[in-house]
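Each remark here refers to the structure printed beneath this line.
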Amino acid sequence: MLRKFKISIDGTAYLVEMEEVGATATPADAVASPAAPAAPAPAPAPAAPAPAPAPAPAAAPAASAGVPSGAHVQTAPMPGKIVDVKVNVGDTVKVNQPVLILEAMKMESEIVAEQDGVVASINVAKGDMVNPGDTLFSLS
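The opening position of the sequence shown corresponds to residue -6 in the numbering used here, with each subsequent residue numbered one higher.
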């Protein structure tokens, strides 16, 4: 069913016709013309079988995999791609020192050390995709 609207944008008037999609009401002119007998409705196609539940994903590596005990673990704050790793295992870092660069939504964010320490492990590499909560690196 077509509906007409008059819209004014910055002082310019526009006449817009919109078709209502998924409307349950039938247009009046279609109801008024019962000239042709209705053909029998075709049988509905059999419904596709419900997809099987997705198999459980393979066990993800534990957040502590490759992380020394007692180390401070830093995780990804958002999903994205690692575009640069600025330190190596064994480097000493200060609080707020950039450790990684994470690109999310075309914006690069520095992932900084939350505390002073020595880089105990780096669990990602340049080009890796990460999800929130994934272990990025650990400090001891």
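In this text, a Cβ means the ideal position worked out from N, Cα and C, and glycines have one as well.
None of these values were measured; they are calculated from a predicted model.
Asked                                                                                                                                     : Found
Where residue 10 and residue 4 are concerned, what is the direct C-alpha to C-alpha distance, given to the nearest angstrom?              : 19 Å
Thinking C-beta only, is residue 73 closer than 8 Å to residue 123?                                                                       : yes
Answer yes or no: do residue 69 and residue 132 have a C-beta to C-beta separation smaller than 8 Å?                                      : no
What does residue 99 pair with, by DSSP beta-bridge criteria?                                                                             : According to DSSP, which records beta bridges pairwise, residue 99 is partnered with nothing at all.
If you measure from the beta carbon of residue 107 to each beta carbon in chain B, is any gap under 8 Å?                                  : Checking the listed chains, one finds no chain B in this structure; it contains a single protein chain.
For residue 76 versus residue 94, is the C-beta spacing smaller than 8 Å?                                                                 : yes
How long is the line joining the alpha carbons of residue -5 and residue 12, rounded to whole angstroms?                                  : 4 Å
Once you ignore the five residues that flank residue 6 on each side, which residues in its own chain have a CB closer than 7 Å to its CB? : -1
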